[in-house]
Amino acid sequence: MNGAQAVLESLKQEGVDVVFGYPGGAVLTLYDELYKMKFPHVLTRHEQGAAHAADGYARATGKVGVCFATSGPGATNLVTGIATANMDSVPMVCITGQVATPYIGRDSFQEADVSGITTPITKHNYLVKDVNELPRVMKEAFYIARTGRPGPVVIDIAKDVFNAEIDFHYPETVQLKGYTDDNNGKAADVRAVVAALQKAKRPLLFVGGGVTLSDTAEYVRKIVACTGMPAVSTLMGLGCLPAGTDGYPGLAGMHGCYAANMAIQQCDLLICVGMRFSDRVTGKTSQFAPKAKVAHFEIDPAEIDKNVAADYPVVGDLRWSLPLFLKEVEKLSAEGDRFKEWRDHVTAMNNEKPFGYIPSKDVIKPAEAIGKISSLCSDDTIVVTDVGQHQMWAAQFYASREPRQFLTSGGLGTMGYGLPAALGAKVGIPDKPVVLFTGDGSIMMNCQEFATIADNDIDVKVVVLHNCILGMVAQWQRLFYNHHYSQSELKGKTDLVRLAEAMGVPGVRLTKPEEVESRLPELMAHKGPMLIDIMIPEDEDVLPMVPGGKRLDQMVLGGEEK
Amino acid sequence: MKRYLLAVLVDNKPGVLTHVSGLISRRAFNIESISAGYTEEADVTRIHIVVSVESDNELRQVVHQLSKLIDVIKIVNLTETESISRELVLIKVRATRETRADIINVVNIFRANIVDVGPEDIVVELTGGRGKVDALCELLQEYGIIEIARTGAIALSRGAIPVKEM
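Those protein sequences? They're chains A and B, same order as listed. Here our numbering is used: position 97 in the first sequence is 466, and no number is missing along the way. Here our numbering is used: position 22 in the second sequence is 25, and no number is missing along the way.
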């Protein structure tokens, strides 16, 4: 067979059931074989869309997302998508065409140094110039992408390699001297945390995206239930504990709730699970959890002490450490509900100052719309967000119930992520409803993907919280730049309903508060893709807010009548 | 700032140096020198990196982040083990009839070699630790150094155990 067939055969061996991509000169042979093999493929309208779609697919399913692009501009268009996946540790394999071997390094047509460009934003990458390396490289790429701390891997394949003949044998195992998927740590480290928990009076569990990635939410739920300690979540950990769990107020960090941030500042033992202490989580690191010893369960040794020093590091896969930790703490449950008073204190703080907003009779408040949609969504609904104010409102007011059902670009904060990621998630799990929360800024960054959704009849509900302004930028300008709305006003001339309709997706616009109750139920129940353009006021802030560089307890509150 | 010499064993594959140097620049680590060469094993390259760091924590970050690279097989901090470190330097120094004898004297004291002599210059070769190389450069400064080429430090641990088995 030829190299192109070898690539597709390798994908089959890895269990890949769909590829997102966009054809071009350097991958013509690959697409010809794809055509002949009838390999399932979703044609996006931009390579960036293909990368985000593969990412959304991977986050929703837990499987490796795969995308194809041609050389040069095709590959460079993937870059934002790859960086997004890299920051959030999403397993992806991106296959790009490269100019033919004799043309490499000669500034040939559509040539770009893809391995050079993607080195800082991938877990690993390859340039394949010899067809005989293909099976090994494909095998390694999938293994590297999905094991350990997951991440994107790029395989750049020279055009002539696709045409070259190979006697194809897919390797059964990988041999990598410097990499292993044995990530079991030291049991003594786990026991040290158990001992610390026995001494603690105000312990707090902090759930991060690693719990989602390792599918260990069930252990986290049992640990919380068994110990009775309160818990909070990062943006990436939402859904690991269902909203409404006793002692779990939800999101912590820059736009986290009062109770979550205060609990972090008051606790005496902070047990952090699968998180990396992003500046959006910690506020001023020197004043983060000042009264607490920090335990850190983490697969990546480089995360230990990177931003916040750990008193009790537990390096290892959560699939190893959490079951062990649960077994140990189950032995302690005979001691009774030791943390009830502290847990009730956290609950009381949350009851006193929950996420809130000031209702209006004249305009639709974003929190109200999201809350309504949240109540209409079934427990298996996958929510995807773009980036900005609507993202934070969704994190605050959408009741996340299960892991892998709140997909958002947390680390890179990529506007334009939402629409393609939502379509990728729906393709990955067609049985689950998919709802995208986006803004009128973000949606325009990849609005071409409405065409992909229409062509393939991918049932995604696209909810635009439309405020005619780049809301988060404007909020910072309002708070810190004297209301200078420099280049953040969108004027509102764009008719998003007609834009979606032009590409084959029906749309409606909601402008009145009563329409939230009267129209949303029927719109959300509509079969097939739909744009719901909800007009909201332009001066609504996301609150609470911890201004950059401040302590978590120095948050600006809101939500009360002024 | 403290200086450490790391021996990094990597797969001898295309792209390895991009991965290592890319990581160093991405994480904004300070490096003083980097040198790479073949080893006793055909498929392994040995890279020596001299990093300067503010704290032990920063050093740990360098090591952990480098370890994450798929093609990095092993990293050993040779500053913290018994080791011998050497650097090769070539110095082209301005030499006239009047100064030539002086320069030769200095070169001999340092047990350096003269590898080329021209009508207006001498090229000196010196192998040694960093301190010795710096001292010679300083002394030759007064005659006028035309150019310097340094390899950066390489090192081996003392004793029969190789780095790959440490």
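No residue lacks a Cβ here, since even glycine has one placed at the ideal position from N, Cα and C. The model shown is predicted, which means the values in this text are computed figures rather than measured ones.
Could you check the C-alpha separation between residue i and residue j for me, to the nearest Å?
i: Met507(A); j: Gly785(A); result: 29 angstroms
i: Gly808(A); j: Val677(A); result: 33 angstroms
i: Lys546(A); j: Thr154(B); result: 28 angstroms
i: Gln374(A); j: Arg29(B); result: 36 angstroms
i: Glu721(A); j: Phe708(A); result: 20 angstroms
i: Pro723(A); j: Cys636(A); result: 19 angstroms
i: Tyr41(B); j: Ile76(B); result: 14 angstroms
i: Asp525(A); j: Pro392(A); result: 14 angstroms
i: Gly918(A); j: Asp46(B); result: 47 angstroms
i: Ala510(A); j: Val522(A); result: 6 angstroms
i: Thr445(A); j: Val842(A); result: 27 angstroms
i: Ile673(A); j: Met893(A); result: 43 angstroms
i: Arg6(B); j: Lys675(A); result: 20 angstroms
Taking the beta carbon of residue i as the centre, do at least 16 other beta carbons fall within 10 Å, making it buried, or is it exposed?
i: Gly779(A); result: buried
i: Asn455(A); result: buried
i: Ile164(B); result: exposed
i: Leu620(A); result: buried
i: Gly466(A); result: buried
i: Glu710(A); result: exposed
i: Tyr512(A); result: buried
i: Tyr495(A); result: buried
i: Asp551(A); result: exposed
i: Asn851(A); result: exposed
i: Asp14(B); result: buried
i: Gln758(A); result: buried
i: Ala717(A); result: exposed
i: His22(B); result: buried
i: Asn116(B); result: exposed
i: Gln856(A); result: exposed
i: Thr542(A); result: exposed
Residue range of the alpha helix (DSSP H) that residue i falls in?
i: Pro728(A); result: Unbroken run through Pro728(A): none, as it is neither H nor E.
i: Arg867(A); result: Leu865 to Ala871
i: Lys722(A); result: No alpha helix (DSSP H) contains Lys722(A), which DSSP labels as neither H nor E.
i: Glu509(A); result: Leu503 to Arg515
i: Ile157(B); result: Run containing Ile157(B): none in the alpha helix (DSSP H); it sits in the beta strand (DSSP E), Ile157 to Ser160.
i: Leu912(A); result: No alpha helix (DSSP H) holds Leu912(A); DSSP gives it neither H nor E.
i: Ala736(A); result: Pro735 to Leu745
i: Ser58(B); result: Counting along the chain, Ser58(B) falls outside any alpha helix (DSSP H), and DSSP gives it neither H nor E.
i: Thr21(B); result: Val19 to Arg29
i: Tyr539(A); result: Unbroken run through Tyr539(A): none, as it is neither H nor E.
Excluding the 5 residues flanking residue i on each side, which residues of the same chain have their C-beta closer than 6 angstroms to its C-beta?
i: Thr130(B); result: Arg89 and Leu91
i: Leu921(A); result: Asn630, Ile633, Gln634, Gly652 and Val915
i: Asp910(A); result: Gln844
i: Arg878(A); result: Val866 and Asp902
i: Gln817(A); result: Arg414 and His415
i: Glu870(A); result: Gly876
Using C-beta distances below 8 angstroms, list every residue in its chain close to residue i, excluding the 5 sequence neighbours before and after it, in chain order.
i: Ala158(B); result: Leu8, Ala10, His51, Leu81, Ser86, Ile87, Ser88 and Arg89
i: Asp105(B); result: Tyr146
i: Leu377(A); result: Leu399, Glu402, Leu403, Met406 and Phe408
Give me, in chain order, the residues of the same chain whose beta-carbon lies closer than 7 angstroms to that of residue i; leave out the 5 immediate sequence neighbours on both sides.
i: Gln567(A); result: Leu701
i: Glu930(A); result: With a pLDDT of only 46 at Glu930(A), under 50, the local geometry of the prediction cannot be trusted, and no value is derived from it.
i: Val756(A); result: Ser778, Gly782, Thr783, Met784, Tyr786 and Ser811
i: Lys16(B); result: Asp74
Within the present structure, is the beta-carbon of residue i separated from the nearest heavy atom of the ligand ATP by less than 7 angstroms?
i: Thr549(A); result: Ligands are entirely absent from the displayed structure, and the ligand ATP is therefore not among its contents.
Could you spell out the range, first to last residue, of the beta strand (DSSP E) harbouring residue i?
i: Cys463(A); result: Met461 to Gln467
i: Thr130(B); result: Asp124 to Gly131
i: Glu90(B); result: Ser86 to Arg97
i: Thr754(A); result: Ile751 to Thr754
Contact the stretch 553-565 of chain A vs the stretch 688-697 of chain A: 3+ CB pairs below 8 angstroms
In the pairwise beta carbon analysis, the stretch 553-565 of chain A is classified as touching the stretch 688-697 of chain A: at least three pairs are separated by under 8 angstroms.
Would you call the stretch 439-446 of chain A and the stretch 498-512 of chain A in contact, with 3 or more CB pairs under 8 angstroms?
When C-beta atoms of the stretch 439-446 of chain A are compared with those of the stretch 498-512 of chain A, fewer than three pairs fall below 8 angstroms, so the two segments do not count as touching.
Quick test of the definition: if touching needs 3 or more C-beta pairs under 8 angstroms, does the stretch 384-397 of chain A touch the stretch 758-769 of chain A?
No, because fewer than three Cβ pairs between the stretch 384-397 of chain A and the stretch 758-769 of chain A fall closer than 8 angstroms, the two stretches do not touch.
How do the stretch 594-612 of chain A and the stretch 569-576 of chain A stand: do at least 3 beta-carbon pairs fall below 8 angstroms, yes or no?
The stretch 594-612 of chain A makes contact with the stretch 569-576 of chain A, as at least three CB pairs between them are under 8 angstroms.
Would you say the stretch 480-495 of chain A touches the stretch 418-436 of chain A, given that touching needs at least three Cβ pairs under 8 angstroms?
With the cut-off at 8 angstroms, the stretch 480-495 of chain A and the stretch 418-436 of chain A do not touch.
Stretch-stretch touch, CB-based, cutoff 8 angstroms, three pairs: the stretch 675-689 of chain A with the stretch 528-536 of chain A
Cβ pair count under 8 angstroms is below three, so no.
Give a yes or no on contact between the stretch 890-904 of chain A and the stretch 822-832 of chain A, applying the rule of three or more CB pairs nearer than 8 angstroms.
At 8 angstroms Cβ cutoff, the stretches touch.
Pairing CB atoms from the stretch 64-75 of chain B with CB atoms from the stretch 99-118 of chain B, are three or more of them under 8 angstroms?
No, they do not touch.
When you compare the stretch 418-428 of chain A with the stretch 789-798 of chain A, are there three or more beta-carbon pairs, one atom per stretch, that lie closer than 8 angstroms?
Yes: at least three Cβ pairs fall under 8 angstroms.
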